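*Asks:*
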Amino acid sequence: MDSVSPIFKGVEIMLDGSVARTGTNYSGKFQEAHDASKASIQSRISNLESSGVKGTGKGTQTIKIKPTNERTAEYEEAMTKAARDLPPYSRKPNKPRDFEEKVVDDSTGITTYTFTSKKNGETYKVKYDKDGYPIFNSKYETSLSESYHIEPDSVQLKYLSQKL
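Heads up: the sequence shown at position 67 corresponds to 66 in the numbering used here, and the numbers run straight through without jumps.
As structure tokens, this is what we get:
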């Protein structure tokens, strides 16, 4: 059975039921092009099937190696050696920048830097130990207003941080 519409075959059905031929038979041309394309595709498929490497049919599954006492001992030894060979942790301190004054006390090795805040214009003196790390000995006290007493910790901490 031909599934191409009569209008593409060049045939027109009139109101009285008669058939009038009105143009070229496009159906035949479409069918020829379709058959040629189908033959070309089938030829390529058969060429691919006949040549090339075929699979083994076995799925790709990873082989799990069961741990034995010997393998576990080798692993532990390698991890211990790797941990032993790591260099010592030595994070270098951040160097102070944009300071106005630097005072070094040779007897204790403590260096005092004087900074001026860009936000509020206040002057701060920060002491650093001989290794270059800041000495945090400052103390600041503030109180939490009663409206924040029943708030969650995150809200209270945010409020206090803003007060600082």
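Glycine is no exception: its CB is placed at the ideal position from the N, C-alpha and C atoms. Quick caveat: nothing in here was measured; it's all calculated off a predicted structure.
Considering only the beta carbon of each residue, do Thr115 and Tyr127 sit closer than 8 Å?
*Replies:* no
*Asks:* What does DSSP give as the partner residue(s) for Phe98 in the beta ladder?
*Replies:* Partner(s): none; Phe98 has no beta bridge.
*Asks:* By Cβ distance below 8 Å, which residues in the same chain neighbour Leu159 in space, the five residues on each side in sequence not counted?
*Replies:* Thr141, Leu143
*Asks:* Rounded to whole angstroms, what's the CA-CA distance from Glu48 to Glu31? Just pull it up for me.
*Replies:* 26 Å
*Asks:* Which of the three DSSP states, helix, strand or coil, is assigned to Phe135?
*Replies:* coil
*Asks:* Alpha carbon to alpha carbon, what distance is there between Val154 and Ser146?
*Replies:* Cα to Cα, Ser146 sits roughly 11 Å from Val154.
*Asks:* Are the beta-carbon atoms of Phe98 and Tyr88 separated by less than 8 Å?
*Replies:* no
*Asks:* Specify the secondary structure class of Thr79 as computed by DSSP and reduced to three states.
*Replies:* helix
*Asks:* Do Gly131 and Pro86 have their CB atoms nearer than 8 Å?
*Replies:* no
*Asks:* Output the boundary residues of the alpha helix (DSSP H) element that contains Lys162.
*Replies:* 152-162
*Asks:* Under 8 Å by Cβ, that's how I've got Tyr139 and Leu156 pegged, so tell me the actual separation to the nearest angstrom.
*Replies:* 14 Å between Cβ atoms; not a contact.
*Asks:* Taking only the alpha-carbon atoms, compute the straight-line gap between Tyr74 and Asp105 and give it to the nearest angstrom.
*Replies:* 50 Å
*Asks:* Span of the beta strand (DSSP E) holding Thr110?
*Replies:* 110-115
*Asks:* Can you confirm whether Ser106, when its beta carbon is compared against all beta carbons of chain D, has any partner nearer than 8 Å?
*Replies:* The displayed structure is made up of one protein chain only, and chain D is not part of it.
*Asks:* Which of the three DSSP states, helix, strand or coil, is assigned to Thr71?
*Replies:* helix
*Asks:* With a threshold of 7 Å, establish whether the CB of Leu85 neighbours any heavy atom of the ligand GTP.
*Replies:* As presented, the structure is devoid of all ligands, the ligand GTP included, so that no description of it is given.
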